[in-house]
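Colleague:
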Ligand code: KIV
Ligand code: ZN
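Residue numbers (our numbering): 9 to 522.
#1: Look at the alpha carbon of residue 500 and the alpha carbon of residue 399, and state the distance between them as a whole number of angstroms.
#2: Nearest-angstrom Cα distance between residue 453 and residue 476?
#3: Between the alpha carbons of residue 331 and residue 447, how many angstroms are there, rounded?
#4: Would you call the stretch 14-28 and the stretch 40-48 touching, i.e. three or more CB-CB distances under 8 Å?
#5: Considering residue 16, what are the terminal residues of the alpha helix (DSSP H) in which it resides?
#6: Assign residue 211 to one of two classes, buried (16 or more other C-beta atoms within 10 Å of its C-beta) or exposed (fewer than that).
#7: Any heavy atom of ligand 2 closer than 7 Å to the beta-carbon of residue 26?
#8: Measure the alpha-carbon distance for residue 521 versus residue 213 and round it to whole angstroms.
#9: Please go through the same chain and pick out, in chain order, the residues whose beta-carbon is closer than 8 Å to the beta-carbon of residue 283, but skip the five residues on each side of it.
#10: Return the CA-CA distance between residue 209 and residue 130, expressed in angstroms with no decimal places.
#11: Work out the CA separation of residue 106 and residue 81 for me, nearest whole Å.
#12: Would you mind reading off the limits of the alpha helix (DSSP H) that contains residue 220?
#13: Only counting the same chain, and skipping five residues up and downstream in sequence, which positions put a Cβ closer than 6 Å to that of residue 2?
#14: Out of 425, 112 and 435, which one is the CA nearest neighbour of residue 408?
#15: With distances taken Cα to Cα, identify the nearest neighbour of residue 413 among 121, 395, 432 and 185.
#16: According to DSSP, what are the bridge partners of residue 231?
#17: Do you know how far the Cα of residue 418 is from the Cα of residue 425?
#18: Kindly provide the ranges of any alpha helix (DSSP H) runs that are 4 or more residues long and lie completely inside the stretch 244-286, ordered along the chain.
#19: Can you name, in chain order, every residue of its own chain whose Cβ lies under 6 Å from the Cβ of residue 134, other than the five neighbours on each side?
#20: Residue 147 to residue 113, Cα distance in whole Å?
#21: I believe residue 235 touches residue 245 by the beta-carbon criterion, under 8 Å. Please report the beta-carbon distance rounded to the nearest angstrom.
#22: Going by C-alpha to C-alpha distance, which of 250, 251, 490 and 396 sits closest to residue 506?
#23: Helix, strand or coil, according to DSSP, for residue 103 in the structure here?
#24: I need the boundaries of the beta strand (DSSP E) containing residue 174, first residue and last residue.
#25: To the nearest angstrom, how far is it from the Cα of residue 350 to the Cα of residue 290?
#26: So what's residue 455 in DSSP terms, helix, strand or just coil?
#27: Please classify residue 73: does DSSP put it in a helix, a strand, or coil?
#28: Taking C-alpha atoms, which residue in 421, 485, 465 and 492 lies nearest to residue 440?
#29: Measuring straight from C-alpha to C-alpha, what distance separates residue 430 and residue 285?
#30: Less than 7 Å separating the Cβ of residue 80 from some heavy atom of ligand 1?
#31: Under 8 Å between the Cβ atoms of residue 99 and residue 117?
#32: What are the partner residues of residue 182, as DSSP defines its beta bridges?
#33: Nearer than 7 Å: is that true of the beta carbon of residue 178 relative to any heavy atom of ligand 2?
#34: Output yes or no for whether 8 Å exceeds the beta carbon distance between residue 172 and residue 204.
#35: The beta strand (DSSP E) spanning residue 474 covers which residue range?
#36: Does residue 120 come out as helix, strand or coil in the three-state DSSP assignment?
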């Protein structure tokens, strides 16, 4: 079996998805989960892009051990120097530098000749090599570059010290057949290529990212770059879970394997979806809500007789165990703590107490508490922003032939009581308007999504919202059996994040007091 390295770029290319902005703590939380998933490399960000991104890379490099941590840098001195500054404390740092090589990019974007780009690439690798032993070089838009020139650039950067050579399909243009040919060509024609890791990085503009990555592996690539849930620029990147499970389920064909801990796939998918606010489409392979659901009678009948009839993998393999009753209304704190530990969470005493309280509330209303319910509760308690505004109560009046009206009461900093009333086009709109009015903010809601965590009318509803304040975006999340309450909790958690940040920037001026 050929061993394939998994280079995860959820925190870098994935974070480049429109509307996604992870703060440093959220990056660290996801990076720790990626370490549990056992990816080989975590690309933590693009430090020159913003101070926040640099902070995130540094936090990941300082705290995630036993894993290579990588930072992206254009072929420019400042980019490379700041990447190193952030990676300094990493156990295994990698600087990933890149420059475009296609004529389209050289002519229209960089205004460089082929030779100038080649020289800059060599220069950048040499500069990065002064700092770290492992340097990855990417030829941006490689798949639309001239093959002979591409191979010359790769040979030159290998000579300059690059240890990983990446072939990005930047615009998702290539087909699997061509990808196989390109990788074979590079392996046969690039001087020094046998000494380095050959990697691919595929985008999904034509829905071919996973197929192209697998084609590259068949042709001899040793590393795949991918993101959890396939998030990323435009149509996204190759999905980690799709590549991993294709290699596993069809190991007879690919004769290749990753080192991933499959049991962590589903939890990682949920965490990435929650923190980025990017919902996973229900029919998404491997991690979508319907990926293991059988609707038609013929299929259900077959699966009941023998799972193999319609299932090519076991949901349990990737850590999915929907609709499994794990705890009930009579379970005590001890059993709850044990189950949480079994699920792999390490909570502080206070987090555990709060999660237990939420569990008890839910158990009073819902007969069956599943592992997914528990994961939702824990993820909410752990990621909760420090509360400036606490929801005391929300009351809505709605129905047909009635103007939806909401009354909301908040407690600010544990003492000051604020109340607001508003009408809206629906109960959520009314509640959001009541909050915005009482806090004196013009609510700039850019995204609102609602989904149920488990099935049935008594399921937990999960709401994720994104609000915009100037250039800053804040994500909030809430879950409850009552969708209006979940919506208000999500909105308040985004507002708390915004208020915390404003208070940090300007402690004198308080926020939202009108
Ligand atoms: O898609 C791309 O070309 C990239 C490179 C920076 C690797 O993300
Ligand atoms: Zn990319």
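The C-beta atom is built at its ideal place from N, Cα and C for all residues, glycine as well. On a predicted model such as this, the values are computed, not experimentally measured, just so you know.
Modeller: In terms of the structure at hand:
#1: Each residue's Cα considered, the two are about 8 Å apart.
#2: About 6 Å.
#3: In this prediction, residue 331 has a pLDDT of 47, which is less than 50 and means its spatial position is unreliable; what the coordinates show is noted afterwards. When rounded, the separation of the alpha-carbon atoms in residue 331 and residue 447 is 40 Å.
#4: Below 8 Å, enough C-beta pairs join the stretch 14-28 and the stretch 40-48 to call them touching: three or more.
#5: No alpha helix (DSSP H) contains residue 16, which is instead part of the beta strand (DSSP E) from 13-16.
#6: Buried, by the Cβ-count rule.
#7: No, ligand 2 has no heavy atom inside 7 Å of this Cβ.
#8: With a pLDDT of 43 at residue 521, under the threshold of 50, the modelled position of that residue is not reliable, and no figure is offered here.
#9: These residues qualify, in order along the chain: 30, 34, 37, 38, 391 and 483.
#10: Taking the straight line from one Cα to the other gives about 21 Å.
#11: Those two C-alpha atoms are separated by around 7 Å.
#12: Note, residue 220: alpha helix (DSSP H), 217-227.
#13: Residue 2 lies beyond the range of the chain shown here (9 to 522); nothing can be said about it.
#14: 435 is the residue among 425, 112 and 435 whose C-alpha sits nearest the C-alpha of residue 408.
#15: It is 432.
#16: According to the DSSP secondary-structure assignment, residue 231 is paired through a beta bridge with 13 and 207.
#17: Going from the Cα of residue 425 to the Cα of residue 418 covers about 6 Å.
#18: If we require 4 residues or more, the alpha helix (DSSP H) runs fully inside the stretch 244-286 come out as 248-257, 259-262 and 273-284.
#19: Here the set comprises 168.
#20: Each residue's alpha carbon lies about 11 Å from the other.
#21: Sure, about 4 Å apart at Cβ, within 8 Å.
#22: Minimum Cα distance to residue 506 is reached at 396.
#23: Three-state result, residue 103: strand.
#24: That run of the beta strand (DSSP E) goes 172-177.
#25: Distance between the alpha carbons of residue 350 and residue 290 is about 27 Å.
#26: Here residue 455 sits in strand by DSSP.
#27: Residue 73: coil per DSSP, three-state reduction.
#28: When each option's Cα is compared against that of residue 440, the closest is 492.
#29: Cα-Cα distance, rounded: 27 Å.
#30: Residue 80 Cβ: within cutoff of ligand 1.
#31: Their beta carbons are not under 8 Å apart, which means residue 99 does not touch residue 117 by this criterion.
#32: In DSSP, residue 182 forms no bridge with anything.
#33: Between ligand 2 and the CB of residue 178, the shortest heavy atom gap is smaller than 7 Å.
#34: Contact annotation: residue 172 and residue 204 have beta-carbon atoms nearer than 8 Å.
#35: For residue 474, the enclosing beta strand (DSSP E) covers residues 469-477.
#36: Secondary structure at residue 120: coil, using DSSP grouped into helix, strand and coil.
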